[in-house]
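Below is one structure, written out as structure tokens; comments come after it.
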Amino acid sequence: MTRLFTESPKRIADITTQLTTQGIPLLAPVTPAGPPDPDDPWGSSHPAPPVDRTTLAWCTAVQMLADHHHTAVERQVLAADALLRELGVRGLAQLHSDLHLGAPIDYRFTRCPYCSGLGEDPTVPDCREVGCPRQYKFANHPHFCPICRGKGYQPEWFAAKRVANLDRWLAASLGHGRALWYRRLAQCLRRRR
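Below, the structure written as structure tokens:
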């Protein structure tokens, strides 16, 4: 839990320092509403809400984009704004999958970019914000990370378990393959008689 309270504020502080040194505002301005497009009936004519660039979700998104594209943070500001405007915090899971060429992410083996593999929501929300049922109010229950859904990042444990399962399946398939081979051989020998 100590890492949760030290790593997240450090990530936010690093990103906000980079933004302020570049003269980029910490609150993205509201984009004005565009005129309605008759060719796009589903297009929105509402103004886009402002984006707070000091939130952990925004800092995570811009850091993921900058690391993936090997660019400076200031070059990915507008992309992170668009991601959080359109998809919110849950967009981080989609972004993480997109950066891995659309492959599904198994957070037991890949560290979650939002909670750093702890499995709990790093913003430490209260039950009212998350919308927990009333009976959980006094239970001191954890709020799972909205990205990895509480999957425990333990590659050393899950890898050993996965290798053991693969060995078992391989042995079973080889045994099954041998049985098929013996059955085919027996059928060929019976036909020769």
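Each residue of the sequence shown is one higher than the one before, starting from 2 at the first, in this note's numbering. From the three backbone atoms N, C-alpha and C, an ideal C-beta is built for every residue, glycine too. Keep in mind that this is a model prediction, so the values were computed, not measured.
Euclidean distance between Cα positions of residue i and residue j
i, j, result
"residue 98", "residue 149", "12 Å"
"residue 84", "residue 117", "20 Å"
"residue 122", "residue 156", "20 Å"
"residue 3", "residue 173", "Only weak support exists for where residue 3 lies, its pLDDT of 49 falling under 50; the coordinates are left without a value."
"residue 105", "residue 142", "28 Å"
"residue 77", "residue 67", "6 Å"
"residue 65", "residue 185", "55 Å"
"residue 136", "residue 25", "44 Å"
"residue 159", "residue 111", "11 Å"
"residue 96", "residue 58", "12 Å"
"residue 109", "residue 168", "20 Å"
"residue 8", "residue 132", "26 Å"
"residue 56", "residue 134", "26 Å"
"residue 163", "residue 107", "13 Å"
"residue 20", "residue 171", "53 Å"
Neighbour-count burial assignment, residue i, 16 or more Cβ in a 10 Å radius
i, result
"residue 61", "buried"
"residue 165", "exposed"
"residue 54", "buried"
"residue 14", "exposed"
"residue 81", "buried"
"residue 119", "buried"
Presumed contact (8 Å Cβ cut-off) between residue i and residue j, rounded CB distance
i, j, result
"residue 31", "residue 50", "7 Å"
"residue 90", "residue 147", "5 Å"
"residue 100", "residue 69", "5 Å"
"residue 153", "residue 145", "Incorrect: roughly 11 Å between the Cβ atoms, too far for contact."
"residue 27", "residue 17", "6 Å"
"residue 114", "residue 93", "6 Å"
"residue 52", "residue 12", "No, residue 52 and residue 12 are not in contact; Cβ-Cβ is about 17 Å, not under 8 Å."
Assigned secondary structure, residue i (DSSP; H/G/I helix, E/B strand, else coil)
i, result
"residue 164", "helix"
"residue 122", "coil"
"residue 17", "helix"
"residue 74", "helix"
"residue 52", "strand"
"residue 29", "strand"
"residue 159", "helix"
"residue 9", "helix"
Proximity test, residue i beta-carbon vs the ligand NAD heavy atom, cut-off 7 Å
i, result
"residue 164", "Because no ligand of any kind appears in the structure shown, any question about the ligand NAD cannot be addressed here."
Run of the alpha helix (DSSP H) containing residue i, from where it starts to where it stops
i, result
"residue 128", "128-131"
"residue 87", "78-87"
"residue 96", "92-100"
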